[in-house]
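Visitor: Mind having a look at this structure? Questions to follow.
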Amino acid sequence: MLKITADELKTISQYIHDISGIYLDQSKSYLLETRLGPIAEELGCASFRALHDKAKRDSTKNIERRLIDAISTNETLFFRDNSPFELLKHKILPELIDLRSPASPRMKTHIKIWSSASSTGQELYSIAMTIRELLDGQLDRFNFKLLGTDISDSAVKQASYGKYNKFEIERGLPRQTLQKHFTLFGDSWKIKDEIRSMVNFRKLNLMLPFTGLGKFDIIFCRNVAIYFTLQDRKKLFNKLAASLADDGYLIIGSTESLTGICPLFVPKRHLRAIFYQKKN
Amino acid sequence: MNTLTILVVDDDPVIRRLLEQRLTKENHTVLLAEDGYKAEKIIETTPIDVILTDLMMPGEIGGIEVLEIAKNKNQQIEVILITAHSSVDTAVEAMKKGAADYLEKPLNFTELFLRLQKISNMLSLLRSAEDLRQAMDVTESTAGETIQNLEITAGELQEKLDAVEAILSNDTIEAYSRITSALNIIYK
Ligand SMILES: C[S@@+](CC[C@H](N)C(=O)[O-])C[C@H]1O[C@@H](n2cnc3c(N)ncnc32)[C@H](O)[C@@H]1O
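Respectively, the protein sequence lines represent chains A and B. Each residue of the first sequence is one higher than the last, beginning at 74 in our numbering. Each residue of the second sequence is one higher than the last, beginning at 574 in our numbering.
This is how it looks when you write it as structure tokens:
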């Protein structure tokens, strides 16, 4: 396998940081070798330096995309950590529906939700299934906008397709939910159109400005900031605060914390779950 | 090498006995069925890693049907078909239905053991991946609980700190009572 030199390690991790915000410290040479080595070899690069130079010269950005796909950790599962989805069902959605219900019964209730590192889609589909279970039969009174974004093209592609193999399905999905919302598709499962049509996925780098997204009522930003430096996390959560409605809700990963990162948010507890709201 | 539980399905008693001997010698656990019906009963009641089945057998249940029954019961069961040279086309068809492999008669044991080795390696990889995931899930949920408690405590302390700061810097109140109020907030 292609070996990385100390010098190349610096250059490549700086480059990865520039294009994705993902921070790899000097102990990650093995990760770079196993994940980027094969791409280097395939592109005929004799060294990581050559790979770096080639990627920077590539105006199509194809190499950059492949490097991001290779280095990002897409680990996710349906109903990960469960408590945010219980929170959604029993607290956040009922509260928001009250707050957002229009005066005229002929008008719809608008609610916008963003899964900001949606990976292969499990998080956003879990949100959509939660909404369906809660509001079954009355969905035509609502206008839900569910957006999933991620920096990885291949993750966005799989999410849009909504197809999962048995290993991905076995993680987190109760049998009943599986049978209700998925159909068998060869030896994989595909999310049903009624759920698929509730959501949209597209590519977005959280390190860049969020233009044209508008304000959201609920933002999920789970298990992505852990890959960023403290400084980048601060910037990210400040931007998220600006993209969140003043009475909106932010959900972060169960092992993450905003203490010392973003004073704009205050943590709140409901039963066993935590969510954040903007300080007023 | 991990030992496997292997179901051998063949109507020829000589082949059954031969496979039983060779596989047992390799430390595998071997179950025998002389036709598809017996195989079906065993598949329904016993956990199996691998099925070695003849493609052509008398009766309604041939190798393909054994494959289907097994995959229906548990996708994880690996099925290797044993075929006469003339039925290779059917065997290829079976691969599309999820068979792991096919071997032609007469059986080459070196080849068979190689396939089994591969399957056993894959099974142990799957098991350790599953173990790792379990471990990760447990770590994530216990760490999550701790961190969330700290987060709430830090939030409450911050609130107190803000209130103390507001009181202490309020110079419309006399100094001594500012300090008592601040202490009250801290020890509340
Ligand atoms: C571990 S997954 C988390 C998925 C899901 N939110 C969850 O909690 O299960 C992290 C995701 O963040 C994405 N990611 C990493 N850096 C990113 C960036 N700068 N902008 C957007 N997404 C990014 C990765 O591609 C990956 O899909």
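Ideal placement from N, C-alpha and C gives every residue a C-beta, glycine not left out.
1. Can you pull out the residues from the stretch 700-712 of chain B whose beta carbon lies closer than 8 Å to at least one beta carbon of chain A?
2. Between the stretch 184-198 of chain A and the stretch 293-306 of chain A, are three or more C-beta pairs nearer than 8 Å?
3. Under 7 Å: does the beta carbon of A:Glu-241 sit that close to some heavy atom of ligand 1?
4. Does any CB atom of chain A fall closer than 8 Å to the CB of B:Ile-758?
5. Give the residues from the stretch 312-338 of chain A that approach chain B closer than 9 Å (Cβ to any Cβ), ordered along the chain.
6. Anything in chain D within Cβ reach of A:Pro-340, meaning under 7 Å, just list it in chain order.
7. Compare the C-beta of A:Ile-347 with all C-beta atoms of chain B and state if any pair is closer than 8 Å.
8. Rounded to whole angstroms, what's the CA-CA distance from A:Arg-108 to A:Leu-140? Just pull it up for me.
9. With which residues is B:Ile-674 paired in a DSSP beta bridge?
10. CB-CB under 8 Å to A:Leu-116, same chain, minus the five flanking residues each way: which ones, in chain order?
11. Taking Cβ positions, are B:Leu-577 and B:Ala-612 nearer each other than 8 Å?
12. What do you get for A:Pro-340, buried or exposed, if any count of 16 or more other CB atoms within 10 angstroms of its CB means buried?
13. Between B:Asp-627 and B:Asp-584, which are expected to be in contact by the criterion C-beta below 8 Å, what is the C-beta distance as a whole number of angstroms?
14. Ligand 1 and A:Asp-290: does any heavy atom of the ligand fall closer than 7 Å to the residue's C-beta?
15. Counting only C-beta atoms, is B:Ile-720 closer than 8 Å to chain A at any point?
16. Whose Cβ in chain B lies nearer than 7 Å to the Cβ of A:Lys-239?
17. Can you tell me which residues form a DSSP beta bridge with B:Val-582?
18. What do you reckon, is the C-beta of A:Tyr-349 under 7 Å from a heavy atom of ligand 1?
19. Residue range of the alpha helix (DSSP H) that B:Ser-660 falls in?
Guide: On the basis of the data shown:
1. Residues Arg-706.
2. yes
3. Here residue 241 of chain A refers to the residue found at position 168 when the first sequence is read from its first residue. Checking every heavy atom of ligand 1 against the Cβ of A:Glu-241, none is found closer than 7 Å.
4. For the purposes of this step, residue 758 of chain B is taken as the residue at position 185 of the second sequence. No - not a single Cβ of chain A is within 8 Å of the one on B:Ile-758.
5. Gly-326, Ser-327, Thr-328, Glu-329, Ser-330, Leu-331, Thr-332, Gly-333 and Pro-336
6. Among the protein chains of the structure shown, namely A and B, there is no chain D.
7. The residue labelled residue 347 of chain A in the question sits at position 274 within the first sequence. It does; some Cβ of chain B falls within 8 Å.
8. Walking along the first sequence from the start, residue 108 of chain A turns up at place 35. Walking along the first sequence from the start, residue 140 of chain A turns up at place 67. Distance between the alpha carbons of A:Arg-108 and A:Leu-140 is about 8 Å.
9. Translated into positions along the second sequence, residue 674 of chain B becomes position 101. Correcting the residue type first, residue 674 of chain B is Asp in the shown sequence and not Ile. Its beta-bridge partners are B:Ile-653.
10. Here residue 116 of chain A refers to the residue found at position 43 when the first sequence is read from its first residue. Taken in chain order, the residues that qualify are Leu-124, Lys-127 and Ile-136.
11. Residue mapping note: residue 577 of chain B aligns to position 4 of the second sequence, counting from 1. Residue mapping note: residue 612 of chain B aligns to position 39 of the second sequence, counting from 1. Taking 8 Å as the Cβ cut-off, B:Leu-577 and B:Ala-612 do not qualify as a contacting pair.
12. Counted from its first residue, the first sequence places residue 340 of chain A at position 267. That one is buried.
13. Residue mapping note: residue 627 of chain B aligns to position 54 of the second sequence, counting from 1. Residue mapping note: residue 584 of chain B aligns to position 11 of the second sequence, counting from 1. Contact holds; Cβ gap of about 7 Å.
14. What you label residue 290 of chain A is simply residue 217 of the first sequence in a count that begins at 1. Checking the Cβ of A:Asp-290 against ligand 1 gives no.
15. Mapped onto the second sequence, residue 720 of chain B falls at position 147. B:Ile-720 counts as touching chain A.
16. Looking up residue 239 of chain A in the first sequence gives position 166. Residues of chain B with a Cβ closer than 7 Å to the Cβ of A:Lys-239 are, in chain order, Gln-648.
17. As a first step, residue 582 of chain B must be located in the second sequence, where it is residue number 9. The partner list for B:Val-582 (beta bridge, DSSP) reads B:Ala-606 and B:Thr-626.
18. Position 276 of the first sequence holds residue 349 of chain A. No; taking the cut-off as 7 Å, the Cβ of A:Tyr-349 has no heavy atom of ligand 1 nearer than that.
19. The sequence position of residue 660 of chain B within the second sequence is 87, counting from 1. Element bounds for B:Ser-660: n/a, residue is neither H nor E.
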